[in-house]
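Residue numbers are given in the UniProt record's numbering: position 101 of the sequence shown equals residue 101, and the series is strictly consecutive.
From the three backbone atoms N, C-alpha and C, an ideal C-beta is built for every residue, glycine too.
Because the structure is a prediction, the values reported are computed rather than measured.
Accompanying notes for the structure given below.
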Amino acid sequence: MSLCNEQERLALLKFKQSVSDDFGMLSSWVGSDCCQWKRVRCDATTGSVVSLRLTGHNIWNSYYFPESNPADIDPSDNNEDYYPDGEDNYLVGNELNASLAELKYLKYLDLSGNDFRKSQISEFIGSLKHLSYLNLSNAGFSGSIPPHIGNLSQLEVLDLSTRHPDLVADDLAWVFRLSLLKHLNLSGVDLMRAQNVNMVLYMIPSLVELSLSHCSLTNAHLGPFLNLSRMLPNIRYLDLSKNSFYDQLPPFLPNMTSLTFLDISKSDFCPPLNLASLLNMIPSLSDLHLSRCELYNENMSPTNLNSSICNIQHLDLSGNSIEGRFPYLLTNISSLKVLDLRKNFLNSSIPIMLNLLKLDISSNNFTNMEHVGIWRQCHLKELRVSHNYLGEEMIGVSTNISQCSEYALEELYLDHNQLKGSIPESLVRLANLRVLDLSANKLINLIPDSLGRLTTLEVLDI
Numbered sequence: 001m002s003l004c005n006e007q008e009r010l011a012l013l014k015f016k017q018s019v020s021d022d023f024g025m026l027s028s029w030v031g032s033d034c035c036q037w038k039r040v041r042c043d044a045t046t047g048s049v050v051s052l053r054l055t056g057h058n059i060w061n062s063y064y065f066p067e068s069n070p071a072d073i074d075p076s077d078n079n080e081d082y083y084p085d086g087e088d089n090y091l092v093g094n095e096l097n098a099s100l101a102e103l104k105y106l107k108y109l110d111l112s113g114n115d116f117r118k119s120q121i122s123e124f125i126g127s128l129k130h131l132s133y134l135n136l137s138n139a140g141f142s143g144s145i146p147p148h149i150g151n152l153s154q155l156e157v158l159d160l161s162t163r164h165p166d167l168v169a170d171d172l173a174w175v176f177r178l179s180l181l182k183h184l185n186l187s188g189v190d191l192m193r194a195q196n197v198n199m200v201l202y203m204i205p206s207l208v209e210l211s212l213s214h215c216s217l218t219n220a221h222l223g224p225f226l227n228l229s230r231m232l233p234n235i236r237y238l239d240l241s242k243n244s245f246y247d248q249l250p251p252f253l254p255n256m257t258s259l260t261f262l263d264i265s266k267s268d269f270c271p272p273l274n275l276a277s278l279l280n281m282i283p284s285l286s287d288l289h290l291s292r293c294e295l296y297n298e299n300m301s302p303t304n305l306n307s308s309i310c311n312i313q314h315l316d317l318s319g320n321s322i323e324g325r326f327p328y329l330l331t332n333i334s335s336l337k338v339l340d341l342r343k344n345f346l347n348s349s350i351p352i353m354l355n356l357l358k359l360d361i362s363s364n365n366f367t368n369m370e371h372v373g374i375w376r377q378c379h380l381k382e383l384r385v386s387h388n389y390l391g392e393e394m395i396g397v398s399t400n401i402s403q404c405s406e407y408a409l410e411e412l413y414l415d416h417n418q419l420k421g422s423i424p425e426s427l428v429r430l431a432n433l434r435v436l437d438l439s440a441n442k443l444i445n446l447i448p449d450s451l452g453r454l455t456t457l458e459v460l461d462i
């Protein structure tokens with residue numbers, strides 16, 4: 001016996017007719033029981049459609065949504081056939097068909113990654129009062145965000161992020177009405193002329209994740225900080241990257257005692273900051289991104305770092321102007337597991353950091369293989385040294401280098417380094433190696449037989 005509500009089945013078929021489905025995403029939408037259609041979920045008792053997951057994948061329209069968000073997966077989706085291995089699979093429509101308004105008990109709606117050809121987000125979205133999850137990211141929408149979204153009082157997750165600057169907000173006052181909202185992603189939405197942006201910071205205490213990357217924000221949007229203790233008290237994930245905050249860090253940061261992820265990359269308030277001071281200010285941080293912040297050696301002074309309260313595990317300092325010696329400050333952060341120093345100007349010996357698992361020093365000024373210290377790094381699992389100037393023979397284990405009884409290294413990238421000579425036999429000591437990239441060098445193309453004993457090796461690029 002069919003559970004499907006006939007009115008809702010017809011509404012879904014109207015939606016299907018309103019879009020081009022060249023990849024067959026909706027090919028299962030036939031027959032009388034819409035509850036058996038792929039990407040559709042119904043209430044087991046009433047038969048009402050409660051979940052519609054039409055997640056598309058358009059390679060030209062993709063954008064990063066933080067992996068840390070636990071709510072971007074519908075727990076009821078357990079047997080879907082989605083796009084395989086990154087292949088395109090998306091719907092195309094001239095507008096969002098109003099037939100979806102018939103799905104009155106819908107709780108979960110995901111239309112991300114499709115192409116609605118720069119149409120506006122339809123106002124009827126605000127009538128779906130039971131929605132707790134709404135994802136319209138990278139779906140080709142443009143124009144102003146309708147304030148009717150503020151009618152969705154049950155909403156916990158809202159993602160309107162976009163790669164293209166066609167979606168704008170004139171006023172964010174409607175956000176105030178979303179009192180249950182936990183995850184908000186407006187990355188890429190033009191907020192330059194938006195009113196009441198500071199309401200997002202002041203008026204939604206339930207927020208745990210906020211992404212406002214590339215929103216054309218300035219200091220003026222943040223408003224007067226009259227009561228810092230009220231600002232995002234439960235926030236754990238904050239992305240303010242690629243904006244134009246000048247001269248100083250937002251004063252509300254020290255009050256965010258639950259903050260674990262902070263991205264302020266490519267934001268103009270970076271130069272005055274001292275890394276040690278920032279880490280002391282927010283000891284709860286485990287993931288910090290300061291890429292392309294015009295940081296220099298003086299910003300890396302170890303003065304007053306309280307390493308006993310520092311919990312940072314992932315630190316991104318790529319694309320800055322840190323030069324010469326490896327910053328001593330970083331060696332004092334014992335909690336550090338992932339360190340990204342790409343595109344700086346370092347050229348001295350890399351110290352041993354016992355808890356570090358991933359290190360990226362690509363595109364620096366290293367000219368000496370021993371400074372990289374492959375054979376000193378016993379605990380590293382991933383080492384990237386691409387695009388340096390080593391210009392010498394690869395060296396194996398040397399008697400004058402502190403060696404390890406065993407190596408944890410799984411991925412080693414030494415491409416684009418003008419390395420000469422042959423591949424050393426001693427690489428066989430990296431018994432856990434899965435990826436070895438030696439491409440774009442001047443090596444003799446002779447693979448030593450010993451590499452055949454690396455039973456875990458999956459990728460070898462020479």
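About 5 Å separates the beta carbons of N185 and S161, which is inside the 8 Å limit, making them a contact pair. Check the Cα spacing between N297 and each of S349, N332, F345 and I235: the tightest is with F345. DSSP, reduced to helix, strand and coil, places V175 within a helical segment of the structure shown. Separation of K118 and S137 (C-alpha to C-alpha, rounded to the nearest whole angstrom) is 13 Å.
L238 and L172 have their alpha carbons spaced roughly 18 Å apart.
If you check the CB distance, L288 and D316 come in under 9 Å. In the structure shown, Y105 adopts coil according to DSSP, grouped into three states. A distance below 6 Å between beta-carbons, with the five flanking residues on each side excluded, links L438 to the following residues of its chain, in chain order: L414 and I462. Distances from the CA of L285 to each of H371, I309 and T303 were compared; the closest alpha carbon is that of I309.
DSSP, reduced to helix, strand and coil, places F124 within a helical segment of the structure shown. Sequence-distant Cβ neighbours of Y328 in its own chain, meaning closer than 7 Å and more than five residues away, are P302. When beta bridges are read from the DSSP output, Y90 appears opposite no residue. Only residues of its own chain outside the window of five on either side were considered, and among them G93, E95, L96, A139, G140 and F141 have a CB closer than 7 Å to the CB of F116, listed in chain order. Straight-line spacing of the CA atoms in N5 and Q154 works out to 23 Å.
Across the structure, L273 and V168 are spaced so that their CA atoms are roughly 31 Å apart.
Around the beta carbon of A44, fewer than 16 other beta carbons sit within 10 angstroms, so the residue counts as exposed. Residue range E6 to Q17 is occupied by the alpha helix (DSSP H) that includes K14, with no beta strand (DSSP E) assigned at that position.
Per the coordinates, the alpha-carbon of V428 lies some 21 Å from the alpha-carbon of L359. Taken through DSSP and simplified to helix, strand or coil, V385 comes out as coil. A Cβ-Cβ distance of about 7 Å is found for the pair Y133 and E156, placing them in contact under the 8 Å criterion. Listed in chain order, the non-local C-beta contacts of L253 below 7 Å within the same chain comprise M281 and I282, local neighbours out to five positions each way being set aside.
The residue among L443, L436, R434 and L390 with its C-alpha nearest the C-alpha of K420 is L443. With a threshold of 16 other beta carbon atoms within 10 Å, G56 meets it and is buried. Secondary structure in the stretch 248-288: the alpha helix (DSSP H) runs of 4 residues or longer, each lying completely within the stretch, are 275-281 in chain order. Here L210 carries a strand assignment [DSSP, helix/strand/coil].
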